[in-house]
Each structure stands twice: as C-alpha cells, then as structure tokens.
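Number of protein chains: 2
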Amino acid sequence: MDFARKSAYLLRMPLAPTPNEAEASRAPRAPKGALAPGGVSLHGEILGRLRDYIVEGNLADGARVPERQLCEMFGVSRTPLREALKVLASEGIVDLLPNRGARVRTLNERDIHELFDLVAGLEALAGRLACEAISDDEIAEVERLHHDMYGFYLRRDMHRYFEANQLIHRQIVAAARNSALLAAYDTHTARIRRIRYTANLARKYDRWGEAMREHESMLDALRRRAGLELSDILFQHLRNKQAAAIEQLADGHAARPHG
Amino acid sequence: MDFARKSAYLLRMPLAPTPNEAEASRAPRAPKGALAPGGVSLHGEILGRLRDYIVEGNLADGARVPERQLCEMFGVSRTPLREALKVLASEGIVDLLPNRGARVRTLNERDIHELFDLVAGLEALAGRLACEAISDDEIAEVERLHHDMYGFYLRRDMHRYFEANQLIHRQIVAAARNSALLAAYDTHTARIRRIRYTANLARKYDRWGEAMREHESMLDALRRRAGLELSDILFQHLRNKQAAAIEQLADGHAARPHG
DNA sequence: GCCGGCGATATTGCATTCAAAATGTCAGAA
DNA sequence: TTCTGACATTTTGAATGCAATATCGCCGGC
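Top to bottom, those sequences are chains A and B.
Be aware that the first sequence starts at 1, since it is given in the working numbering, and climbs by one per residue.
Be aware that the second sequence starts at 1, since it is given in the working numbering, and climbs by one per residue.
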C-alpha cells in the first residue's frame, strides 16, 4: 500500500517556493493547496503521519484516539497533534466529541454510498477535463500502468493490482490539470481507501474480471479523447465498485456483527 | 437547520462581545462530518466565525492574518484560533507560511478556473443525483426561490438576486441527499464566494438575463427529473459564470494592477 | 539618495500548565 | 448481588510561557 500512503502525503507537500531545492523527478507534482504542511512544521508532519496511521487501519473503527500515547509515539507535545486532529476532523477521518476527544470515524453503509457517489462524480469530471488536456505521453503512462495492472490481474496479485489500479485512477485525475480537483479527490479517496481495498480483496473474482474490462474501455475512450464517454465509464465503474464495497461491508458485518 | 449550532452559539455570545463582526444570517453551513464544531468548543466556534470573517472580505487578499488582534477580537487565546487556522488552510482559505504565519489566500486566474470547474462538476453530480431523490415539495421550494429571484431580477436588486441564486443552487445540491457532496460543495463555494458575487455584480446586464434563462431551463429539467439534462445545464451554467468571473477578475486587475 | 547590515521588537511555533469535565474505583444501601 | 453515589484519577480544552524566527527601524557605506 505504498502508493496510497505516498499520494495522500504528497498532497500535503509544501509548494516550497525555494528554487534551490531542485525537486526534480518527483512523480506527481504537489498541488498548491495549503503551503505549510510537509516537513517544515511539526503540525504538517504530524498531520500526514497521523492521517496515514489512521487510514491504514492502526486504530480500530470508532476507537478513541489516544492523544497522550500518540504524542509519545510521534515525540511531540499535544499542541501540534491536536491541531492535526482538528484538520483530520474537517476531512472526515475522525469525529470530535465535546470534552471526550477524537474517535476514528466509522463509515456506515450510507457514508460509503455517499463517498463513492462523490468520488464517482469527481472522477467523471476528471475524465471530461482530462480528455481536453492530456498529453500523448501521459496516455502512454496510463497505458503502461494498465499493462502492469493486467499482469497483476493474470497473476492474481491482489495487492499490486490494487496499487496499479489506484495509480491509474489518480493519473487520470491528475491529467485533468486541476489541483483543486486532485486535492479533493485525494481527500475523499483517503476516507474510503480501506473499504475500497477490502472490497477488491475479498470479492469473488468475477467482479475483478469485470473491472478489468471496464478499464479496457476507459483506456479506449481516453485514447480517443472521448471526454463524455470516458466520464460516463468512470462514473459507472465507480458505482460498480460501490456496489461491491457495500456488499462487502454487509458481509463483514454479518460475519463480525459487533462493530 | 443547524439549531444545535445556533443555540450553543448564542449561549457563548456573552463571552465574545465583538461589535465589528458582521455575524449576519448566512447560508447554512454545517457539514455533518466532524461532530464538534459549532458551538460546543471554542475551536469550533472560532473556526466558523473566522471563516466567515475572511470569506466576507474583512481581510484583504494576501493580507497576513493578525493572530493577536483576532484573538482579542474574538476574546480567546491563540490556541483555538491557531487550530482554526490550520483547518482553514486545509480548506484553502488561507496559506500557512513557515514561521511567518497565515495569509489570506489570493486566487489567481488559474485558481478560479479550477475552482469553478470543480464546483461545476459537483453541481453536475448533484443535478444527476437530485433528480433521483428530490421530492415534489423540494421542487416546489426551488420554484418558489426561482420566482423570488425573478422578482429581484426584474427590480435589479442585485444583492437579493445573488442570495436567492446561491440558495437555489445549494437547494439542488442538498436535494441530492449526499452530505459528503454537500460539505464539499459548501467548502469550495465558500472559497469563490466573493469572486462569484462581484462577477455577477459588476457584469453587464446581458449576462444576467442569460443566467435567468439558464435557470429557467434548469427548473424545467428538474421538474421533468431529467437528471443528465439538468446535470449538463448546471455544468454549462457554472462554466458561463466562470467565464464572467474571470473576465471580471481581469477587469479588476486592469483597474487596480497592484494585487 | 539608496542600499545593505545590525540591533530592538514583534510574531510565530511549540511546550507546558491549569481548570473543567469525563472516567474509573469502591464503599454502602437496597 | 446489584445499584448508587462520593471520591480519586485521567483526559480534555484552552491559556500561558518560552525559545526561535521574522520584521522593523536605524545607521553607516557607497
């Protein structure tokens, strides 16, 4: 799950107006969102690390976020950690309960439904914009990723398949050349990352093959720069993932009824 | 709608006697995400008030955010104010410069272009979803607002027209019954609110009439619950606003070249 | 006259402190 | 036993303190 980490992290990289710091061949360019976070301020670093820590599932759903313990773990005082928590709350990663601290936000079926719809909308928009802006090189890059992914599919390498998949989607969103869109995409995909993964992971393989076919037609539309078509394929593709994720969630609940 | 927010807010009032601050009745904004903000915690209250304060233009573009002064104004210490600033930074309202505090984020032409595209995408999604979910009563409500707006248009009451306009758009997004979408919509429209207003305000009236016609067809599509059609109208409508806003921005720059 | 260094001041980022609230413990009554 | 309520402990939310950094004003050199 390396990429996943990285993407959310890169999103918060500073715009670093310091030119001497040649940021040469960094894969996705940092959007120009809030300038500070990254490595400059403790707050920024803690924000990224804590987000990863939670998103990757180190804290159970609904668990309280142990401030003092995390402070020790990160080696900082409570101030920057609490600042990070406020931001994570605004991102929907945690809930803040008055006088009772932060808890890891539990996504119920409705939340997941909403988030997938939202991400589907963002990807649809991205597909439309990307077809107006994407370069031949970028298309070639997507094709390369697609090819890799196909290999992982054939070898049934779930983990790498998932990574390549994420990368393709993000690449398309990035190709839209809209940093606000990309930032929103990263934020919201972070929220459903775990779900999405397990949705792919634990599914019967038939959905997997279906997803591959959908990706084929995505690539086809992208090559022809058929914006509306690509937009529609992406939207449907996400909605199919949504269905799989929700089904998966239901199964999980059935198996482990105590949430 | 957010009674909880308001009531707790009123309770707090005696604490912060700030006359300078226009705490007018603003469009409701209470994404369901994080639970705390609102009125329970100082942080939550300050977050909302500071956001309004900035979005409403009380600080100039690019101006530094005077921590100490705002603390006095709100009657709180620096801690909750700084927490709020981190959140506003993650929303793109301010930039955080390492060791140099927060500055009001200046939107350049490209930012505005991106934000309008993003909001257009969100509204397009909302239109699609809303047609699946909207009730007759909600449609009637939109019609009522539309009628009001038409009255303001005829009377050339720019301010109220603008308010009704915003309300219509938000109503449609709300009708999509997707709180994540609504929250994202609120966040991103907040960022362009000033621009959007002046775009309408200072424009020649021809665009105004055009906008009214577009709203007519929106309403028509909504009545027929023609999701894709509404989606497209909204997208185009926003892109027209975008063009107007950018033109407006260019004019402003020409008139006041030092930004 | 303008530019660049230098010290004084103000501001920032983070740690620490403190009061209020929640949580846990346990004795005693029903 | 199980419930209740007082008390001690922990945790939270916000204020304050403090070192590091930036900003401002002044001066001399060119």
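Glycine residues also receive a C-beta, built at the ideal position from the N, C-alpha and C atoms.
What whole-angstrom Cβ distance do residue i and residue j have, given they're in contact under 8 Å?
i, j, result
"B/ALA130", "B/ARG239", "About 19 Å; that fails the 8 Å criterion."
"B/ALA164", "B/LEU182", "Incorrect: roughly 19 Å between the Cβ atoms, too far for contact."
"B/VAL142", "B/GLN166", "Incorrect: roughly 13 Å between the Cβ atoms, too far for contact."
"A/PHE116", "A/ILE168", "Wrong, their Cβ atoms sit about 17 Å apart, outside the cutoff."
"A/ALA243", "A/LEU230", "That pair is no contact at about 21 Å."
With burial defined as no fewer than 16 other Cβ atoms inside 10 Å of the residue's Cβ, what is the status of residue i: buried or exposed?
i, result
"B/HIS147", "exposed"
"A/ARG29", "The predicted position of A/ARG29 is uncertain, since its pLDDT is 31 and thus under 50; no value can be drawn from it."
"B/GLN248", "buried"
"B/ASP61", "exposed"
"A/ARG177", "buried"
"B/GLY227", "buried"
"B/ARG100", "exposed"
"B/GLY209", "exposed"
"B/GLU132", "exposed"
Are residue i and residue j closer than 8 Å when you measure CB to CB?
i, j, result
"A/CYS71", "A/ARG78", "yes"
"A/LEU234", "A/GLU56", "no"
"B/SER41", "A/PRO80", "no"
"B/ALA175", "A/LEU118", "no"
"A/ARG51", "A/PHE74", "no"
"B/GLU114", "A/SER179", "yes"
Less than 8 Å between C-beta atoms, sequence neighbours within five positions excluded: which residues of the same chain meet that for residue i?
i, result
"A/ALA89", "ASP95, LEU96 and ALA102"
"B/LEU47", "PRO37, GLU83, ALA84, VAL87 and LEU88"
"B/GLU109", "ILE246, LEU249 and ALA250"
"B/ILE93", "ARG51, ILE54, VAL55, VAL104, ARG105, ALA190 and ARG191"
"B/TYR150", "MET212"
"A/ARG68", "ARG78"
In chain order, what residues of the same chain lie with their CB nearer than 7 Å to the CB of residue i, ignoring the 5 residues before and after it?
i, result
"B/PHE152", "ARG160, TYR161 and ALA164"
"B/ALA250", "none"
"A/ARG217", "The question names Arg, but residue 217 of chain A is Ser in the sequence shown. Closer than 7 Å at the Cβ level, and outside the excluded window around A/SER217, lie ILE233."
"B/ILE139", "LEU222 and ARG223"
"A/THR189", "VAL119"
"A/ALA24", "The predicted position of A/ALA24 is uncertain, since its pLDDT is 29 and thus under 50; no value can be drawn from it."
"A/ARG256", "Reliability fails at A/ARG256, whose pLDDT of 46 lies under 50, so the model's placement of it is uncertain and no value is given."
"B/ARG269", "Only positions 1 to 259 of chain B appear in this structure, which leaves residue 269 of chain B out of reach."
"B/ARG155", "none"
"B/VAL334", "Chain B is shown only over 1 to 259; residue 334 of chain B falls outside these bounds and no answer can be derived."
Leaving out five residues on either side along the sequence, give the residues of the same chain with a beta carbon under 6 Å from the beta carbon of residue i.
i, result
"A/GLY127", "LEU230, SER231 and LEU234"
"B/MET212", "TYR153"
"A/GLU91", "THR187"
"B/VAL173", "ALA126, LEU182 and TYR185"
"B/GLU214", "HIS237"
"B/LEU59", "VAL104"
"B/LYS241", "none"
"A/ARG225", "CYS131"
"A/ALA34", "Its pLDDT being 49, under 50, A/ALA34 is placed unreliably in this model, and the value from its coordinates should be taken loosely. Correct list: empty, nothing qualifies."
"A/LEU219", "HIS146"
"A/LEU107", "none"
Name the residues in the segment 223-257 of chain A whose C-beta lies less than 8 Å from a C-beta of chain B; which are they? Listed by position, the residues of the segment 223-257 of chain A near chain B (Cβ gap below 8 Å) amount to none.
Closer than 7 Å, Cβ to any Cβ of chain B: which residues of the segment 102-116 of chain A, in chain order? Here the close residues are GLU114 and LEU115.
The segment 73-87 of chain B: positions lying closer than 8 Å to chain A by Cβ: Here the close residues are THR79, ARG82, GLU83, ALA84, LYS86 and VAL87.
What are the residues of the segment 36-55 of chain A that lie near chain B, defined by any Cβ-Cβ distance shorter than 7 Å? Result list: ALA36, VAL40, SER41 and HIS43.
Beta carbons nearer than 9 Å to chain A: which residues of the segment 55-68 of chain B have them? Within the segment 55-68 of chain B, no residue has a Cβ that lies closer than 9 Å to any Cβ of chain A.
Using a beta-carbon distance cut-off of less than 9 Å, what residues from the segment 151-178 of chain A approach chain B? Listed by position, the residues of the segment 151-178 of chain A near chain B (Cβ gap below 9 Å) are ALA176, ARG177 and ASN178.
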